[in-house]
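So the sequence shown is numbered by numbering that gives the first Met the number 0: it starts at 0 and just counts up by one. Reading through the structure tokens given below for one structure.
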Amino acid sequence: MKFDFDRLTDRNGTHSVKWDHYDMKGIVDGMIPMSIADMDFKAPGFITDALAQRVAHGIFGYTVMPGSYYEALEKWLEKRFGWVVQREWIRFSPGVIPALNFCVQAFTEPGDKVIIQPPVYHPFRAAISNNGRVVVNNPLMCDKGRYSMDLDGLKGLLDSRTKMIILASPHNPVGRVWAKDELKALVDICAENNILIVSDEIHADLVMPGFKHIPTASVSDDAARITITCTSPSKTFNVAELHVANIIIPDRALFERFDLALMKAGLNRPNIMGLCAAEAAYTNGEKWVEELVPYLHKNYLAMKEFFTKNLPVVKSGEMEGTYLGWLDFNGFGLPDSKVEEILLTKARVAMTPGRIFGPGGEGFYRMNLACPRAVVEEALRRIGEAFGGI
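What follows is the structure, given as structure tokens:
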């Protein structure tokens with residue numbers, strides 16, 4: 000099977016957040032948007048065919064989770080990660096971001112503290128603060144462009160009101176794929192201090208050659224007891240707005256509390272089309288991932304080589320996982336606002352400014368590389384021209 004990731008698909012006029020509703024729309028023509036984390040590749044045919052078949056049936060009544068869905072997901076997790084998951088651990092959610100909010104609501108009280116590891120995916124912060132909890136930053140450490148968890152710093156942040164940590168694994172935006180010993184060390188601290196771990200593993204399938212994703216809940220018995228794992232086919236198969244995610248909770252008491260939060264929100268039934276797409280993905284998606292990941296890795300290598308050769312003042316972190324390049328523009332010595340102005344008005348490339356990811360993100364930009372290579376190459380050419388004389 001061969002998937003055409005070089006194919007250019009016009010997304011203008013589809014109400015795309017990335018293509019139709021970016022901040023400079025109507026002000027700067029010909030923008031290349033490389034910001035919000037969805038892909039510019041069409042979803043694979045085995046998903047669109049399954050959706051078309053379901054639509055052709057013509058009836059979209061109330062639906063339950065079929066056994067075939069659970070079976071497909073269980074096989075996917077075991078084959079890809081060696082993680083044996085029991086059916087009764089799995090709860091459907093309308094997305095990972097909703098699930099983060101449900102976890103905060105279900106497992107903490109107003110005024111409780113929830114830890115994040117910035118620079119990190121900004122909806123983590125929103126899920127905490129919007130629900131009246133206190134955000135506690137445990138910033139990642141960075142040594143020569145490689146990030147690690149500050150576990151000693153984490154210990155110093157814990158008190159009786161600290162109830163949870165939200166973990167990005169793989170990490171968005173810095174691209175780390177956490178090793179087993181790193182996860183085990185985190186779990187040991189959390190288990191000793193009665194801290195729950197909510198592990199966002201939405202990018203788990205998108206791990207570059209030479210690295211391996213380890214589900215947080217799989218590293219020990221303690222990990223299984225205190226971890227709520229959030230997975231979804233949305234990043235891997237480009238089906239984000241079909242609103243489907245799997246929340247995996249081995250501990251029965253925690254499962255029931257999460258289930259109650261879904262019921263309180265009136266969101267305890269699955270999305271019929273999301274369910275259809277996800278089952279097709281987990282049943283037929285192996286070859287897609289086997290071809291997608293090397294393509295994304297080559298896009299990353301092209302980006303890294305470009306900056307090394309043509310604009311070495313911009314430093315590229317190692318993208319161990321995700322499809323998001325993490326670029327440090329601080330070497331120019333310019334205000335962040337000036338860098339962004341040059342990117343948007345001169346280069347006409349829209350990336351996500353690192354400052355929105357919290358402390359440690361200032362002066363960085365996140366570059367979405369999940370697009371045809373010709374688009375990556377054109378964006379890099381423009382950036383080189385715009386910054387070349389500075």
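We put the CB at the ideal spot given by N, CA and C, even for glycine.
In chain order, each alpha helix (DSSP H) run of at least 4 residues that lies wholly inside the segment 72-107: Taking only runs of at least 4 residues, the alpha helix (DSSP H) segments lying wholly in the segment 72-107 are 95-106.
Tell me, to the nearest whole angstrom, how far the beta carbon of V133 is from that of D111; I am working on the premise that it is less than 8 Å. For the purposes of this step, residue 133 is taken as residue 134 along the sequence shown, with counting starting at 1. For the purposes of this step, residue 111 is taken as residue 112 along the sequence shown, with counting starting at 1. Contact between V133 and D111 is confirmed by a C-beta separation of about 7 Å, below the 8 Å threshold.
E319 classed as buried or exposed, judged by whether at least 16 other C-beta atoms fall within 10 angstroms: Working through the sequence shown from its first residue, we reach residue 319 at position 320. E319 is buried by the Cβ-count criterion.
Would you call M366 buried or exposed, if buried means 16 or more other Cβ atoms sit within 10 Å of its Cβ? Position 367 of the sequence shown, counting from 1, holds the residue named residue 366. Under the 10 Å beta carbon count, M366 is surrounded by 16 or more other beta carbons and is classified as buried.
R347 and G12 closer than 7 Å at C-beta: As a first step, residue 347 must be located in the sequence shown, where it is residue number 348. As a first step, residue 12 must be located in the sequence shown, where it is residue number 13. Contact flag unset, no.
Going along the chain, which unbroken runs of the beta strand (DSSP E) with 3 or more residues stay wholly within the segment 20-46? Counting only unbroken stretches of 3 or more residues, the beta strand (DSSP E) elements lying wholly within the segment 20-46 are 31-33, in sequence order.
Starting from the C-beta of I114, find all residues in its chain whose C-beta is less than 6 Å away, skip the five residues before and the five after it, and write them out in chain order. Looking up residue 114 in the sequence shown gives position 115. Closer than 6 Å at Cβ, skipping near neighbours: V135, N137 and I164.
Taking the beta carbon of V16 as the centre, do at least 16 other beta carbons fall within 10 Å, making it buried, or is it exposed? Walking along the sequence shown from the start, residue 16 turns up at place 17. Counting Cβ neighbours within 10 Å, V16 comes out exposed, since fewer than 16 surround it.
Should I201 and V95 be called a contact, given that it needs their Cβ atoms to be closer than 7 Å? Position 202 of the sequence shown, counting from 1, holds the residue named residue 201. Position 96 of the sequence shown, counting from 1, holds the residue named residue 95. Yes, the pair counts as a contact, with Cβ atoms nearer than the cut-off.
Roughly how many angstroms separate the alpha carbons of L295 and V119, rounded to a whole number? The residue labelled residue 295 in the question sits at position 296 within the sequence shown. The residue labelled residue 119 in the question sits at position 120 within the sequence shown. Using only the alpha carbons, I get a separation of about 21 Å.
Using a Cβ-Cβ cutoff of less than 7 Å, which residues in the same chain neighbour R250 once the five nearest sequence positions on both sides are dropped? Within the sequence shown, numbered from 1, the residue matching residue 250 stands at position 251. Correcting the residue identity first, residue 250 is Asp in this sequence and not Arg. Beyond the five residues adjoining it in sequence on each side, D250 comes within less than 7 Å, by CB distance, of R224 in the same chain, given in chain order.
Residue ranges of each alpha helix (DSSP H) run of no fewer than 4 residues wholly in the segment 286-368, ordered along the chain? For the segment 286-368, whole alpha helix (DSSP H) runs of length 4 or above, ordered along the chain, are 335-340.
CA-CA distance, K41 and A369? Along the sequence shown, read from residue 1 onward, the residue named residue 41 stands at position 42. Along the sequence shown, read from residue 1 onward, the residue named residue 369 stands at position 370. Going by the C-alpha atoms only, they are around 11 Å apart.
Cβ distance (whole Å) where G284 is taken to contact F236 below 8 Å: What you label residue 284 is simply residue 285 of the sequence shown in a count that begins at 1. What you label residue 236 is simply residue 237 of the sequence shown in a count that begins at 1. About 6 Å; that satisfies the 8 Å criterion.
When we look at the beta-carbon of L300 and count the other beta-carbons within 10 Å, is it buried (16 or more) or exposed? Locating residue 300 in the sequence shown gives position 301, where the first residue counts as 1. Exposed, since its Cβ has fewer than 16 Cβ neighbours within 10 Å.
Cα-Cα separation between A280 and G387, rounded to whole angstroms: Position 281 of the sequence shown holds residue 280. Position 388 of the sequence shown holds residue 387. Roughly 43 Å separates the two Cα atoms.
T392 in three-state terms, based on DSSP: Not covered by the structure: residue 392. The range shown for the chain is 0 to 389.
I'd like the list of long-range same chain contacts for V84, defined as Cβ closer than 7 Å, with 5 residues on each side in sequence excluded. Along the sequence shown, read from residue 1 onward, the residue named residue 84 stands at position 85. Excluding its 5 nearest sequence neighbours in each direction, V84 has C-beta neighbours in its own chain below 7 Å: E73, L76 and I247, listed in chain order.
Taking DSSP as the reference, what is the three-state secondary structure of S147? Walking along the sequence shown from the start, residue 147 turns up at place 148. Three-state result, S147: strand.
Return no unless some Cβ of chain D is closer than 7 Å to the Cβ of T47. Given the protein chain composition of this structure (a single chain), no chain D is represented.
Does the separation of the CB atoms of N298 and R372 fall below 7 Å? For the purposes of this step, residue 298 is taken as the residue at position 299 of the sequence shown. For the purposes of this step, residue 372 is taken as the residue at position 373 of the sequence shown. In this structure, R372 lies closer than 7 Å to N298 by Cβ.
Assign N283 to one of three DSSP states: helix, strand, or coil. Here residue 283 refers to the residue found at position 284 when the sequence shown is read from its first residue. Residue state, collapsed to three classes: helix.
Between the segment 45-55 and the segment 178-197, are three or more C-beta pairs nearer than 8 Å? The segment 45-55 is not in contact with the segment 178-197.
Thinking C-alpha only, which one of V197, R90, I194 and S233 is nearest Y321? As a first step, residue 321 is located in the sequence shown; it is residue number 322 there, counting from the start. This sequence places Thr at residue 321; Tyr is not what is there. Taking only the C-alpha atoms, the option nearest T321 is S233.
Roughly how far, in whole angstroms, is the beta-carbon of A260 from the beta-carbon of A105, given that I think they are within contact range, below 8 Å? Taking the sequence shown and counting its residues from 1, one reaches residue 260 at position 261. Taking the sequence shown and counting its residues from 1, one reaches residue 105 at position 106. At roughly 4 Å, the Cβ-Cβ gap stays under 8 Å, so A260 and A105 are in contact.
Are the beta-carbon atoms belonging to F356 and H121 less than 7 Å from one another? Translated into positions along the sequence shown, residue 356 becomes position 357. Translated into positions along the sequence shown, residue 121 becomes position 122. Taking 7 Å as the cut-off, the beta carbon of F356 is found closer than this to the beta carbon of H121.
Given a cut-off of 7 Å on the beta-carbon distance, is the pair H212 and A222 in contact? As a position in the sequence shown, residue 212 is number 213, starting the count at 1. As a position in the sequence shown, residue 222 is number 223, starting the count at 1. Taking 7 Å as the Cβ cut-off, H212 and A222 do not qualify as a contacting pair.
Suppose the cutoff is 6 Å on Cβ atoms and the five residues either side in sequence are ignored; what does the same chain contact list for A167 look like? The residue you call residue 167 lines up with position 168 of the sequence shown. Within the same chain, A167 has close Cβ partners V119, Y120 and D199.
Given a cut-off of 7 Å, decide if N192 and L139 are closer than it, judged by their beta-carbon atoms. Here residue 139 corresponds to residue number 140 of the sequence shown, with the count starting at 1. Here residue 192 corresponds to residue number 193 of the sequence shown, with the count starting at 1. No, these two residues do not count as a Cβ contact at 7 Å.
Which residues mark the beginning and the end of the beta strand (DSSP E) in which C229 is found? On the sequence shown, position 230 is the one that residue 229 refers to. Unbroken beta strand (DSSP E) run through C229: T226 to T230.
Coil, strand or helix - T215 by DSSP: One-based indexing of the sequence shown puts residue 215 at position 216. In the three-state scheme derived from DSSP, where H, G and I count as helix and E and B as strand, T215 is classed as helix.
Tell me, to the nearest whole angstrom, how far the beta carbon of V197 is from that of C229; I am working on the premise that it is less than 8 Å. The residue given as residue 197 occupies position 198 in the sequence shown. The residue given as residue 229 occupies position 230 in the sequence shown. In this structure V197 touches C229 by the C-beta definition: roughly 7 Å separates them, less than 8 Å.
Measure the CB-CB distance between V238 and A276 and report whether it falls below 7 Å. Here residue 238 refers to the residue found at position 239 when the sequence shown is read from its first residue. Here residue 276 refers to the residue found at position 277 when the sequence shown is read from its first residue. Cβ distance < 7 Å, so V238 and A276 count as in contact.
Given a cut-off of 7 Å on the beta-carbon distance, is the pair L241 and G273 in contact? If you number the sequence shown from 1, residue 241 lands on position 242. If you number the sequence shown from 1, residue 273 lands on position 274. Yes, Cβ-Cβ distance for L241 and G273 is below 7 Å.
Count the other CB atoms, across all protein chains shown, that sit within 10 Å of the CB of E340; report buried if there are 16 or more and exposed otherwise. By 1-based counting over the sequence shown, the position of residue 340 is 341. For E340, the number of other beta carbons within 10 angstroms of its own is below 16, and it is reported as exposed.
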